[in-house]
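Student: Protein chains in written order, with my numbering: chain L, 1 to 223; chain A, 1 to 270.
Encoded as structure tokens, here's the structure I'll be asking about.
What follows is the structure, given as structure tokens:
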């Protein structure tokens, strides 16, 4: 099976030089469903940031989708990100855009025609059960609804990899379940690799998953 | 409403810059037109022992556009009542020649000084009257007027630029979030900044067209025209082609610089 992510002696640190992840080595195969857990401040989100290129490795090597991120150029990083879908705990939706335009964003970046993108958005909105809210702005929706919009945006361009940072952290049970179903669906049906940072792994998952736990800067493969 | 507010802050700031700029140009044109009018009325008197042509005077100093000899008849007429006719003829022959020199433009005090010294350096010219005191007073008044308007325009420009920089911070905050989110999905720099540049250019166009409307109206407003008529000059308050192109150019340039500063100041979220 192809490896989507390969980390070798990976160390991560912010500008204050305090090491967050220390010489970690791991790999993730294409089509894996992966959970990353750990206590608050353990470095889960930092690791995820490094995986989508927002934080460059301090030491070691990190290869995502066949691209080494340590010395990646801006244009290569843009190219890589066009094949990744990201979901954040705080949704990161553009407030001055309608939810339709928010979901359309990765499609337009990837060069889809507007009419094709609109059809895709309609399908996705039905999928996340928000088709009646199409013209609304993010701040007119509840937290759960906003996260479903963010989920639809992450799925819109059929990415090879979806990364989610505590996607159900602030959500009610109904929205949480819908998010997990969508992530499982993408993994099951489209064979999309899914990496989820979370405090709690849901119990009723139907997919086989990998589990990494971060403690004191070290990454342990638990499952 | 939100969209109008988004545009209004930059449009007003741009309008203020365009107004102070056009005001400066109107004053500059008025002063130039007034100088031309003054130069038509201003002349220097030169007294020469021999006959000199306009070309000869122009050779002495290029500023002389025309030299006209003043006929001595009126002076001689006053004296002739007590003189014999033969003596009058003799006086006519011995009197020096008086020339009224017209100048190509309204000169500065330095140019007047130079003209006077150049003329006096000529062997035939014995005396020059430059009416320097009257000239200097008018010239200094014009200069003062121009300096006051320049100072006023500069202060307006400075205050507006400071306001724009304050606005820039708000824009930076507002656009940073969207640009970061677009960056997370791999949008190239041009795509991330396209909204910003479009907004800046739309604002520049809006400000230019509003300025165009106002200045076109002012240029035919009777009160404005009367002000120029009163001092006997004809000034183009607003040229709908040249001035509009300049206003548009300045507004677009300022907006693009502003948008570029925001794009350059944008920091990726880490």
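Every residue gets a Cβ at the ideal spot worked out from N, C-alpha and C, and that includes glycine.
Small disclaimer: the values here were computed from a predicted structure and weren't measured.
Do you know offhand how far residue 53(L)'s Cα is from residue 64(L)'s?
Tutor: Straight-line Cα distance between these residues: approximately 9 Å.
Student: Could you pull out every residue in the same chain whose Cβ sits closer than 8 Å to the Cβ of residue 98(L), ignoring the five residues on either side in sequence?
Tutor: Within the same chain, residue 98(L) has close Cβ partners 134, 135, 136 and 137.
Student: Any idea what DSSP makes of residue 188(L), helix, strand or coil?
Tutor: Reduced to three states, the DSSP call for residue 188(L) is helix.
Student: What are the residues that DSSP puts in a beta bridge with residue 24(L)?
Tutor: Answer by DSSP bridge pairing, in chain order: 10(L).
Student: When DSSP labels each residue in this structure, what does residue 9(A) get in the three-state scheme?
Tutor: Residue state, collapsed to three classes: helix.
Student: Are the Cβ atoms of residue 191(A) and residue 263(A) separated by less than 8 Å?
Tutor: For residue 191(A) and residue 263(A), no; Cβs fall outside 8 Å.
Student: Determine the closest residue to residue 185(A) out of 85(L), 55(L) and 51(L), with distance taken between C-alpha atoms.
Tutor: When only C-alpha atoms are compared, the closest one is 85(L).
Student: For residue 29(A), return the contacting residues in chain L, with the cut-off set at a CB-CB distance below 8 Å.
Tutor: None at all; the shortest Cβ gap to chain L is about 44 Å.
Student: Taking residue 37(L) as part of the beta strand (DSSP E), name the residues at either end of that continuous run.
Tutor: From DSSP, the beta strand (DSSP E) with residue 37(L) extends over 33-38.
Student: Got a sec, what are the start and stop residues for the beta strand (DSSP E) residue 87(L) sits in?
Tutor: Unbroken beta strand (DSSP E) run through residue 87(L): 84-87.
Student: Measure the CB-CB distance between residue 194(L) and residue 33(L) and report whether it falls below 8 Å.
Tutor: Yes, the pair counts as a contact, with Cβ atoms nearer than the cut-off.
Student: Assuming residue 46(A) contacts residue 125(A) (C-beta within less than 8 Å), just tell me the rounded distance between them.
Tutor: Sure, about 5 Å apart at Cβ, within 8 Å.
Student: If residue 23(A) and residue 149(A) are in contact, beta carbons under 8 Å, what's the gap, nearest whole angstrom?
Tutor: 7 Å between Cβ atoms; contact.
Student: Identify the contact partners of residue 94(L) in chain D, using a Cβ-Cβ distance below 9 Å as the criterion.
Tutor: Of the chains in the structure shown, none is chain D; the protein chains are L and A.
Student: For a minimum of 4 consecutive residues, which ranges assigned as the alpha helix (DSSP H) are wholly contained in the segment 9-92 of chain A?
Tutor: Listed in chain order, the complete alpha helix (DSSP H) runs (minimum 4 residues) inside the segment 9-92 of chain A are 54-60 and 73-80.
Student: For residue 99(A), I'd like the list of residues in its chain whose CB is within less than 6 Å of its CB, leaving aside the five on either flank, ordered along the chain.
Tutor: Closer than 6 Å at Cβ, skipping near neighbours: 46, 67 and 69.
Student: Label residue 194(A) either buried or exposed according to how many other C-beta atoms from any shown protein chain fall within 10 Å of its C-beta, with 16 as the threshold for buried.
Tutor: By the 10 Å Cβ count, residue 194(A) comes out exposed.
Student: Apart from the five residues on each side of it in sequence, which residues of its chain come closer than 7 Å, Cβ to Cβ, to residue 12(A)?
Tutor: Excluding residues within five positions, none has a Cβ falling inside 7 Å.
Student: Measure the alpha-carbon distance for residue 170(A) versus residue 93(L) and round it to whole angstroms.
Tutor: If you take the alpha carbons of residue 170(A) and residue 93(L), they lie about 19 Å apart.
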